[in-house]
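**Student:** Residue numbers (our numbering): 41 to 1005. A virtual CB, placed ideally from N, CA and C, is assigned to each residue, including glycine. So that we are looking at the same thing, I have put the structure below in structure tokens.
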């Protein structure tokens, strides 16, 4: 049979075909089968049809397939049905399809199903669709699916409905989708739902939406969610709303969000609330916001909060604000914050109030800030307070200011502090005032400072007082200043003190001045000092008085200076005294002058001393007179010197005496008082003028013819004494054989000076001593070449030997101090060569006949040619008491290292050794520095041994410790 041709097969009768064995039918070639006519095929029994192989079935043409009876078609093997070509399947009538049994329907391949016509698909019953393989349903094209009726769709079981692809579902029309029962809609998978278009979603009924599983709701695309109407959204149950994902929530439009019911909005997950767009949040009504629970309120992001409208913010209750995250409160814009009511602000707890940024706080209006309770104002952080503007600070009530923590007060900006009114500042407690920083104190204006109460001003920290601007200090009233305590007065800086007004300075009490730093007193300007009263000045303690600069002291008026007590005047330092002007010095009273320390007298400027009146000088004690420097003595006018008493002059030190000049015109009585002198005539033999040596040169001679040789001032080796050997023993025994104050005149009286003594030999009364006078040839000249005070034969010369022919008695007054000796009268002598030379009457110093005072503290070792000063001998003054005054510096300057070395003294000391008579005294100025080291014996004499560090004194006379020491 397999060999039958198509022609043969096509010509077989129906009877013949049915006579074939089933195996023969199955053996027919596919071409033979394809050649069979519809009549032939229709005549085939079901048995023979079932004998067809899948290849034979696949060979059936569309005409053959379309003409098979429903019974024949359903009688085909499932494999044969599955083998039908897609064209053959597409040619089947709806009657044929509807007659297919469940087995054969399920045999369709996906390719066959995909080729079904829309008419065929539309004719399928729900039962048939459900009998198909789910893969076949899934193979339906979107065009095929779009032809499905609502009956077909609703007739699909969940398995077959679930087999629809997202594309198939997305291809459903709104009519098809709306016709789906809630059961079927709820049966859609999340994948299918995720494919719903915006049009499909927008056309779902509220019932259908709520029929979706929560997972399906969550599967809706964001575009689908965004397409839902307010009606649809409002119909969503809370459960389904909670199913929205954050992305879906973020997709909600402003209209959708604004139309959610309060219940729905509060039913959203916190993550969904946080996901709402800022525009959506901004669209929420105040009713919606007020209905939000604590959880959802806290879910708002900072970005969402920042986009709330001022109306929304103003509608929030304090409770709601406190339910927000602190970061959300901090995210409020300054514009939003500016709409907060006093109720809202005062309702904020400390945590949320503290969350406000400095910019937010700075944005609060004065009305808002003034409405804050003291509790809330006190809860502000230091950072927040630091941001308060000048306007805000200036509008705080006194109660509010004092409600601030001290740390908050300290945090106020300097500009804010400067903006506070006097009323505000005056209301501040002492505690809050003390909290001000130095920068804040420095920012106080003159008006603010001037209006602080005395209690407030004194309550300031010392650092704050010191920080006040100089202008602020200058604005303080005298009442304020007088109320300042000791600590704060001492806190004033020098710059502040220098800016005090004269009125302020004049109002300070002495006690207050003494409470100031000494540097502050020193900072007073001369103008300020000039306003000090005598009470103020006399009330200054020695430390503060001593702090005045020389310029300040120099600026004191005579009235001020004259009003100083002797105690205060004596407390002035040497530097201060050195700055006294001539006018000031000239106006000091005698009592004041003598109240000065000796060091102060020594510090007086030369000009100041020169300005002293004769009355002032005459009132000076010997001690103070001795304190004058040699330059001061040298600067005294002849009037001043002429007015000095002989007692005063006699108290002058050797250095002072040596500083006297010829222009100061001492009279003879003064010279005698000054020097303890005797006057011999001295000839200038070498033409350079008469020169002498000081009493310290060590020459001893009985110049005043008392029978006792003493240390004396002496003539230089180049000049000579005019002598007369009155006892013809060939030597000069004493001053009586010279011409001077030790000469006995022919009248039996003592000569006043050398010229008077020589005039006694002018026998012819011509005013000249020459060969015409009887004793001219007896006169000699003594040149003490070796300066030992002993006339030797080789030192005595006749007038002829030295060429002197004539001596003039026409003497005139001069006044020259030379080495402590005074040249008071001068004439001339003539030599054989016709030259004229000087002859002078010299008052040589002698330490005989009165107590001698040697002040070594005033000696300049570099200028005085002192010899033997390390070893001083005070003996030989006719029983008079001599005094040496010294200090450690004098020993250091004039002493000698290891002058005496023994077991008691040791070695390495700078030493001075003093011996003398029983009435002689050593006065140690700085006695407290020395300590008694016992006694030692030198050359058989006992000496007190005193040590002061490296200095050592050996004293063989009485010791007197100066009370000042």
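Please return the same chain residues whose Cβ sits closer than 7 Å to the Cβ of residue 555, not counting the five positions on each side in sequence.
**Tutor:** Take residue 555, set aside five residues on each side of it, and the residues of its chain with a beta-carbon closer than 7 Å to its own are 526, 529 and 530, in chain order.
**Student:** Using the Cα positions of residue 176 and residue 360, report the straight-line distance between them to the nearest angstrom.
**Tutor:** 58 Å
**Student:** Quick check: the Cα distance between residue 426 and residue 439, rounded to an integer number of angstroms?
**Tutor:** 19 Å
**Student:** Considering only residues of the same chain and omitting the five flanking positions on each side of residue 197, which have a CB-CB separation below 8 Å?
**Tutor:** 170
**Student:** So, using beta-carbon positions, are residue 739 and residue 752 closer together than 8 Å?
**Tutor:** yes
**Student:** What are the residues that DSSP puts in a beta bridge with residue 838?
**Tutor:** 820
**Student:** Cα-Cα, which of 281, 411, 142 and 311 is closest to residue 16?
**Tutor:** For residue 16 there is no data in the structure shown, the boundaries of the chain being 41 and 1005.
**Student:** Which value, in whole angstroms, describes the spacing of the CA atoms of residue 43 and residue 54?
**Tutor:** 19 Å
**Student:** Please identify the residue among 75, 571 and 70 whose C-alpha is closest to the C-alpha of residue 98.
**Tutor:** Taking residue 98 as reference, the option from 75, 571 and 70 with the minimal CA-CA separation is 70.
**Student:** Would you say residue 57 faces chain C, with C-beta separation under 8 Å as the test?
**Tutor:** Annotation note: the requested chain C is absent from the structure, which comprises a single protein chain.
**Student:** Within its chain, find whatever has a CB closer than 7 Å to the CB of residue 542; leave out the 5 residues flanking it on each side and keep chain order.
**Tutor:** Closer than 7 Å at the Cβ level, and outside the excluded window around residue 542, lie 567, 568 and 571.
**Student:** Give the secondary structure of residue 395 by DSSP, where H, G and I count as helix, E and B as strand, and everything else as coil.
**Tutor:** coil
**Student:** Distance check for residue 64 and residue 133, CA to CA, integer angstroms please.
**Tutor:** 29 Å
**Student:** If you drop the 5 nearest sequence neighbours on each side, which residues of the same chain put their C-beta closer than 6 Å to that of residue 292?
**Tutor:** 320.
**Student:** Should residue 127 go down as buried or exposed, given a rule of 16 or more other Cβ atoms within 10 Å for buried?
**Tutor:** exposed
**Student:** Just the Cα atoms here: how many angstroms apart are residue 674 and residue 725?
**Tutor:** 29 Å
**Student:** Three or more C-beta pairs closer than 8 Å, one from the stretch 847–857 and one from the stretch 777–787: is that the case here?
**Tutor:** The stretch 847–857, when compared against the stretch 777–787, does not touch it at the 8 Å Cβ threshold.
**Student:** Between residue 521 and residue 544, is the Cβ-Cβ spacing less than 8 Å?
**Tutor:** yes
**Student:** Which runs of the alpha helix (DSSP H) at least 4 residues long sit entirely within the stretch 152–210? Give them in chain order.
**Tutor:** Within the stretch 152–210, the complete alpha helix (DSSP H) runs of at least 4 residues are 158–163, 166–171, 174–179, 182–186, 190–195, 198–202 and 206–210.
**Student:** Three-state secondary structure (DSSP) at residue 527?
**Tutor:** In the three-state reduction of the DSSP assignment, residue 527 falls in the helix class.
**Student:** Going by DSSP, what residues sit across from residue 952 in a beta bridge?
**Tutor:** 993
**Student:** Give the DSSP-derived three-state secondary structure of residue 493 in the structure shown.
**Tutor:** coil
**Student:** For the beta strand (DSSP E) that residue 120 lies in, which residues bound it at each end?
**Tutor:** Element bounds for residue 120: not the beta strand (DSSP E) but the alpha helix (DSSP H), 118–123.
**Student:** Relative to the C-alpha of residue 477, which candidate in 242, 491, 48 and 505 has its C-alpha closest?
**Tutor:** 505
**Student:** What residues match up with residue 986 in a beta bridge as DSSP calls it?
**Tutor:** 972 and 993
**Student:** Going by DSSP, what residues sit across from residue 858 in a beta bridge?
**Tutor:** 861
**Student:** Rounding to the nearest angstrom, what Cα-Cα distance links residue 50 and residue 118 in this structure?
**Tutor:** 26 Å
**Student:** Assuming residue 876 and residue 865 are in contact, meaning their beta carbons sit under 8 Å apart, how far apart are those beta carbons, in whole angstroms?
**Tutor:** Not a contact, Cβ separation roughly 16 Å.
**Student:** Report the rounded CA-to-CA distance for residue 451 versus residue 364, giving the unit in angstroms.
**Tutor:** 28 Å
**Student:** Between which two residues does the beta strand (DSSP E) carrying residue 761 extend?
**Tutor:** 760–764
**Student:** How do the stretch 791–810 and the stretch 765–773 stand: do at least 3 beta-carbon pairs fall below 8 Å, yes or no?
**Tutor:** no
**Student:** Can you tell me which of the three DSSP states residue 846 falls into?
**Tutor:** strand
**Student:** Determine the DSSP secondary structure at residue 450, reduced to helix, strand or coil.
**Tutor:** helix
**Student:** Should residue 645 go down as buried or exposed, given a rule of 16 or more other Cβ atoms within 10 Å for buried?
**Tutor:** Burial call: buried.
**Student:** Assuming the contact rule is C-beta atoms closer than 8 Å, residue 305 and residue 328 should be a hit. Round their C-beta distance to whole Å, please.
**Tutor:** By a beta-carbon distance limit of 8 Å, residue 305 contacts residue 328. Their separation comes to about 5 Å.
**Student:** Can you tell me which residues form a DSSP beta bridge with residue 741?
**Tutor:** 750
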